[in-house]
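Q: Read in order, the letters of the sequence shown are residues 0 to 215 in our numbering. C-beta: ideal position from N, C-alpha, C; glycine also. What follows is a structure written as structure tokens; I'll ask about it next.
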Amino acid sequence: MLNDLQKLLAAIYDVPLPHDVAEFLLTDRAQLPQSAQDSGTDEQVLVAEDGDTLWVNVYLEPALLARLESANPFEALHGGNIADYWTALEGVSHFLYLAWNAMYDRSVTLMELELQAEIDKYVSSLWLLREQNPRRFPAELHHVLFECAQVDGKLAGDRAGLYRSADHYASRFCRRLARTLQPATASAHADATAELRRFYRLTRERKIRHIERVTA
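Shown next, in the form of structure tokens:
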């Protein structure tokens, strides 16, 4: 499952990676730092630097992985598995973005990680849903992801504003992307893919400026 998620994002953004996220997976909560254990969340990405070495681990709750195995979103993505799909995908998104930028010795901010992860949730879901039902555009996807979901203030703590900001900019970007993709044409798909790949490679500041410019 995690390999499939990594391959999907790598294909969309054209960011091949010589590392497999499954090799960095943790499923034993006892291996997490105490503060991470206490959070009780189903997904966490742990990052540490040791000189020139970047250490990354992705924790996913075993029960979540089991649910995804029994209701594989790559066979059918639906209301019963999309929340688990987004949780797992967020961890893979963070891993891929961190590892890909590390290959080019580029620093990454938490805002970049969260912004890209929210966009990745929308884009990857849209790609799967269109593949599974090419005749239907999932117009409700934006509403479910960006308007129904809320930031958990207790978990987010003093970073709640950052998460809300990432969600706000991702929502604007994806709403415009949906308008580009609604005509189910090869040229529309090619234009959207080209923009997504350019966007992925921008810095945080340029990402924000791009969203403000194209959604003004």
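Let me know if residue 50 comes out buried or exposed under the rule of 16 or more other beta-carbons within 10 Å of its beta-carbon.
A: Classification for residue 50: exposed.
Q: Which value, in whole angstroms, describes the spacing of the CA atoms of residue 21 and residue 57?
A: Each residue's alpha carbon lies about 9 Å from the other.
Q: Taking 6 Å as the limit between beta carbons, can you name the residues of its chain near residue 84, skipping five residues before and five after?
A: 72.
Q: Only counting the same chain, and skipping five residues up and downstream in sequence, which positions put a Cβ closer than 7 Å to that of residue 177?
A: Within the same chain, residue 177 has close Cβ partners 141.
Q: With DSSP as the reference, label residue 201 as helix, strand or coil.
A: In the structure shown, residue 201 sits in coil (DSSP, three-state: anything other than H, G, I, E or B).
Q: Go to residue 49, then tell me how far its alpha helix (DSSP H) extends in each direction, as first and last residue.
A: Residue 49 -> not in any alpha helix (DSSP H); beta strand (DSSP E) instead, spanning 42 to 49.
Q: Thinking C-alpha only, which one of 111, 55, 60 is nearest residue 199?
A: Nearest option by C-alpha distance: 111.
Q: Quick one, are the C-beta atoms of residue 214 and residue 172 less than 8 Å apart?
A: In contact: residue 214 and residue 172 (Cβ atoms closer than 8 Å).
Q: Mind checking which residues open and close the alpha helix (DSSP H) that includes residue 100?
A: Where residue 100 is concerned, the enclosing alpha helix (DSSP H) stretches over 81 to 102.
Q: Please report the Cβ distance between residue 98 and residue 16, rounded to the nearest whole angstrom; I am assuming they are in contact, meaning their Cβ atoms lie under 8 Å.
A: 6 Å between Cβ atoms; contact.
Q: Do you know whose CA, among 95, 157, 61, lies nearest residue 25's CA?
A: That would be 61, whose Cα lies nearest to the Cα of residue 25.
Q: Can you grab the Cα-Cα spacing for the pair residue 169 / residue 19, in whole Å?
A: Rounded to the nearest angstrom, the two C-alpha atoms are 26 Å apart.
Q: Whose C-alpha, out of 44, 86, 55, is nearest the C-alpha of residue 66?
A: Per the Cα distances, 86.
Q: Can you give me the start and stop residues for the beta strand (DSSP E) that residue 52 sits inside?
A: Element bounds for residue 52: 52 to 59.
Q: Can you tell me whether residue 30 is buried or exposed, with buried defined as 16 or more other CB within 10 angstroms of its CB?
A: With fewer than 16 other Cβ atoms within 10 Å, it is exposed.
Q: According to the Cβ coordinates, are residue 68 and residue 0 closer than 8 Å?
A: Result yes, Cβ atoms of residue 68 and residue 0 sit closer than 8 Å.
Q: By DSSP, does residue 25 sit in helix, in strand, or in coil?
A: Correct three-state label for residue 25: strand.
Q: Under 8 Å by Cβ, that's how I've got residue 123 and residue 88 pegged, so tell me the actual separation to the nearest angstrom.
A: Yes, residue 123 and residue 88 are in contact; Cβ-Cβ is about 6 Å, under 8 Å.
Q: Of all Cβ atoms in chain D, is any one closer than 8 Å to the Cβ of residue 206?
A: Considering every chain present, this structure includes no chain D. It has just one protein chain.
Q: Would you call residue 92 buried or exposed, if buried means 16 or more other Cβ atoms sit within 10 Å of its Cβ?
A: Counting Cβ neighbours within 10 Å, residue 92 comes out buried, since at least 16 surround it.
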